C-alpha cells in the first residue's frame, strides 16, 4: 500500500523550477532510495514530505502530497506538529541536542505530549534498543549526547526520531559523515527498522542505494527520470540517462 | 565520459575475442584432421588445449577482480557476467574440439568406413554458429544472435541424421563396424554440442544487450 503519494508536484525556489511534475507512490514498510547528481532536487523532494521547505523564502509549491489520504500541502492542513509526529527525519550530520542522551530521546515525547512521564523510562529503553545502543549507553543515559562517537550520535538521532513512533522516516544522506564500518551498521539498522517504518533515503552513494533499498528513483534537473524496483534499476535500467548515471558515465 | 573502467572493459572484450579465435581455430583444425585423416593436426589440437584452459582462468580472474573493484551495475554488470559465461562456453567448445581430435586418432588407425557427407555439413554449421555468435557479441547484433539460436534445430536434425545412418546402415547390419561407426557417432555428438554452446553464447549476447532472458524461453526470442 502506498504510504506517500505525490501528484503533479512542482516546486519553485523563486524563479528556479526545482521539482517538475513529480508523480510517485512510496510503498509502506519498504526502503526507497532517491538518487541523482547534486542539485537534481532529491533533498528538496525529501523535505517536501515534512514541509521543511516552508521556511525558505520564495518557495512556491503546487500539486498534492498525500499521506494517509490527506494532502499535507493543503491550505487547511496547518498542523505541522501533527505532520512531524508522522514523519521523522534524520540528517546528514548527526545533530543531537546539547542535552543528555535521555533528554534527547524524550524531547519529542514532551513536544507532542504523547505519554505520561512515568512511561519515559520505558520508551528511552525501547528506542535505544531499536537502534542497538542500549547496552552501550544504559549506564550513561545522563551524559551529554555531544560526547558520543559520530556513529552513536547518528544512532541516537534515529532513536530520537522513532521515539515518537512515526510512520515514515526520512533520511538525508544519513551516512555521509560516517566511516565505512559505521555506515554498514546504520544500513543494517535500516533493514531492521523497515519492518516498522517506511523509509525514504536520499543518497549520493550508489552502492548504498543498491545495497539498502527496495525501490529506487533517479532524478535529474528536477525531474523524476525513472522509478522502479532497485534490483531492476541496477541490472537493467530502462532509461539511458539512468544507465549513464549509475554506471558513472554521466558528467 | 570515458572512465578508467572503460579501458578494463575493452581489455576484457579483447581477451574474449582471443579466446574465441583460439576456439574457432581448434574446431577448424579438428574437422580438417578428420577429413584429411591427419594425425599431426589432431595432435596439435590436443596440445593447444592447455593454453586455452590458462586463458579461461585468466579471464575468469579478471572478471572477478572487476566485480570486486568496480562494483559494476546495469550494462557493465551484464557485460562482465555474460563475458564469464561466454568464456566458459568457449573453453567447452575447445574441449569438444579436443574430443573430436581424439576420435580422429582412433579412426585413422582403421580403414575408412564411408565417405563423410553429413558430418562435414554439421561441422561447417558448428563453425558458422560459433563465428556468428561471436560476431553478434562484438557488434552487439541481436538479430544475428537470434539467427544463431534458431539454427540450433538444424544442428540437432543433422546429428540425428548421422546417428540414424550409422546405426541402421552399419551397426545393425554388421556389428563389426562398431569400432569405426561409434567414433563417428561421437564426432556428430561433439559437433552438435559445439552448436549448443554457440547457442548459449548467442542467448547471453541477447541478455547482455536487451536484458531479456531467452534461455529456456524460446517464446521470448
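Residue numbers (my numbering), protein chains in the order written: chain A, 30 to 280; chain B, 944 to 1164.
By construction, the Cβ of each residue, glycine as well, lies at the ideal position given by its N, Cα and C atoms.
No experiment lies behind these values; they were computed from the predicted model shown.
- C-alpha gap between residue 255 (chain A) and residue 1020 (chain B), whole angstroms: In a straight line, the C-alpha of residue 255 (chain A) is about 19 angstroms away from that of residue 1020 (chain B).
- Item | Nearest-angstrom Cα separation, counted from residue 1042 (chain B) out to residue 1166 (chain B) | Nothing can be reported for residue 1166 (chain B): it is not among the residues displayed for chain B, which extend from 944 to 1164.
- How about residue 136 (chain A) and residue 189 (chain A): do their beta carbons lie closer than 8 angstroms? Cβ distance < 8 angstroms, so residue 136 (chain A) and residue 189 (chain A) count as in contact.
- Message: Just to confirm before moving on: does the CB-CB distance between residue 1146 (chain B) and residue 1092 (chain B) stay below 8 angstroms?
- Response: Going by C-beta atoms, residue 1146 (chain B) is nearer than 8 angstroms to residue 1092 (chain B).
- Item | Beta-carbon proximity list for residue 1083 (chain B), same chain, < 7 angstroms, skipping 5 on both sides | The residues are 1152.
- Item | Environment of residue 1067 (chain B) [buried if 16+ CB atoms lie within 10 Å] | Its Cβ having fewer than 16 others within 10 Å, residue 1067 (chain B) is exposed.
- Identify the continuous alpha helix (DSSP H) that holds residue 1133 (chain B) and give its terminal residues. Residue 1133 (chain B) -> alpha helix (DSSP H) spans 1121 to 1153.
- Message: Let me see if you follow: with CB-CB separation under 8 angstroms, is residue 1019 (chain B) close to chain A or not?
- Response: Chain A, which has a Cβ nearer than 8 angstroms to the Cβ of residue 1019 (chain B), makes this yes.
- Task: Within the same chain, show all residues whose beta-carbon is closer than 7 angstroms to that of residue 982 (chain B), passing over the 5 residues directly before and after it, in chain order.
- Result: Result list for residue 982 (chain B): 1048, 1051, in chain order.
- Out of B:1012, B:1104, B:1144, B:1022, state which residue places its alpha-carbon closest to the alpha-carbon of residue 1074 (chain B). Taking only the C-alpha atoms, the option nearest residue 1074 (chain B) is B:1144.
- Task: Tell me the start and end of each unbroken beta strand (DSSP E) in the region 949 to 1031 of chain B that is at least 3 residues and wholly inside, in chain order.
- Result: Listed in chain order, nothing qualifies, since the region 949 to 1031 of chain B has no complete beta strand (DSSP E) run of 3 or more residues.
- Item | Sequence-distant residues of the same chain with beta carbon closer than 8 angstroms to residue 121 (chain A), five excluded per side | Same-chain partners within the cutoff: 201, 202, 203, 205, 206.
- Query: Looking at residue 193 (chain A) and residue 117 (chain A), is the spacing between their C-beta atoms short of 8 angstroms?
  - Reply: By the CB criterion at 8 angstroms, residue 117 (chain A) and residue 193 (chain A) fall inside the cutoff.
- Message: Between which residues of its own chain and residue 1086 (chain B) is the CB-CB distance below 6 angstroms, once the five residues before and five after are set aside?
- Response: Contacts found: none.
- Message: Spatial neighbours of residue 237 (chain A) within its chain, please: C-beta separation below 6 angstroms, excluding the five flanking residues on both sides.
- Response: Correct list: empty, nothing qualifies.
- Message: From the DSSP secondary-structure annotation, give me the bridge partner or partners of residue 61 (chain A).
- Response: As DSSP reads the structure, residue 61 (chain A) sits in a beta bridge with A:229, A:244.
- Where residue 33 (chain A) and residue 959 (chain B) are concerned, what is the direct C-alpha to C-alpha distance, given to the nearest angstrom? Roughly 48 angstroms between the two C-alpha positions.
- alpha helix (DSSP H) containing residue 202 (chain A): first to last residue? Where residue 202 (chain A) is concerned, there is no enclosing alpha helix (DSSP H), given that its DSSP letter is neither H nor E.
- Message: List, in chain order, every chain B residue whose beta-carbon is nearer than 7 angstroms to that of residue 236 (chain A).
- Response: Under the 7 angstroms cutoff, chain B gives 1014.
- Query: Span of the alpha helix (DSSP H) holding residue 86 (chain A)?
  - Reply: Counting along the chain, residue 86 (chain A) falls outside any alpha helix (DSSP H), and DSSP gives it neither H nor E.
- Going by CA-CA distance only, name the one from B:1063, B:948, B:992, B:1035 that's closest to residue 977 (chain B). Of the candidates B:1063, B:948, B:992, B:1035, the one whose C-alpha sits nearest the C-alpha of residue 977 (chain B) is B:1063.
- Item | Nearest-angstrom Cα separation, counted from residue 85 (chain A) out to residue 39 (chain A) | Cα to Cα, residue 39 (chain A) sits roughly 15 angstroms from residue 85 (chain A).
- Message: One question on the structure: do residue 115 (chain A) and residue 141 (chain A) come within less than 8 angstroms of each other, judged by their Cβ atoms?
- Response: No, Cβ-Cβ distance for residue 115 (chain A) and residue 141 (chain A) is not below 8 angstroms.
- Through-space distance from residue 1023 (chain B) to residue 951 (chain B), alpha-carbon basis: Spanning the two alpha carbons is a distance of roughly 11 angstroms.
- Query: Since residue 1065 (chain B) and residue 1105 (chain B) are thought to touch, with beta carbons under 8 angstroms apart, how far apart are those beta carbons, to the nearest angstrom?
  - Reply: Rounded, the Cβ-Cβ distance is 7 angstroms, consistent with contact.
- Query: Could you give the residue range of the beta strand (DSSP E) that holds residue 1053 (chain B)?
  - Reply: Premise fails: residue 1053 (chain B) is in no beta strand (DSSP E) and is neither H nor E.
- Query: In chain B, which residues lie with their C-beta within 7 angstroms of the C-beta of residue 254 (chain A)?
  - Reply: From the beta-carbon of residue 254 (chain A), no residue of chain B is found nearer than 7 angstroms; the closest lies around 14 angstroms away.
- Contact belief for residue 227 (chain A) with residue 196 (chain A) at Cβ below 8 angstroms, rounded distance in angstroms: Residue 227 (chain A) to residue 196 (chain A), Cβ: 6 angstroms. Contact.
- Can you check DSSP and say which residues form a bridge with residue 170 (chain A)? Per DSSP, residue 170 (chain A) has no beta bridge partner at all.
- Query: Got a sec: is the Cβ-Cβ distance from residue 65 (chain A) to anything in chain B below 8 angstroms?
  - Reply: Residue 65 (chain A) does not count as touching chain B.
- Message: Let's see if you can read the secondary structure: which residues bound the alpha helix (DSSP H) around residue 3 (chain A)?
- Response: With chain A covering only 30 through 280, there is no way to say anything about residue 3 (chain A).
- Does the region 140 to 157 of chain A come close enough to the region 60 to 76 of chain A that 3 or more CB-CB pairs lie under 8 angstroms? Taking 8 angstroms as the limit for Cβ pairs, the verdict is that the region 140 to 157 of chain A does not touch the region 60 to 76 of chain A.
- Message: Any C-beta of chain B within less than 7 angstroms: which residues of the region 257 to 274 of chain A qualify?
- Response: So the list reads 263, 264, 265, 266, 272, given in the order they occur along the chain.
- Item | Closer than 9 angstroms at the beta carbon, the chain A residues around residue 946 (chain B) | Those within 9 angstroms of residue 946 (chain B) in chain A are 276, 277, 278.
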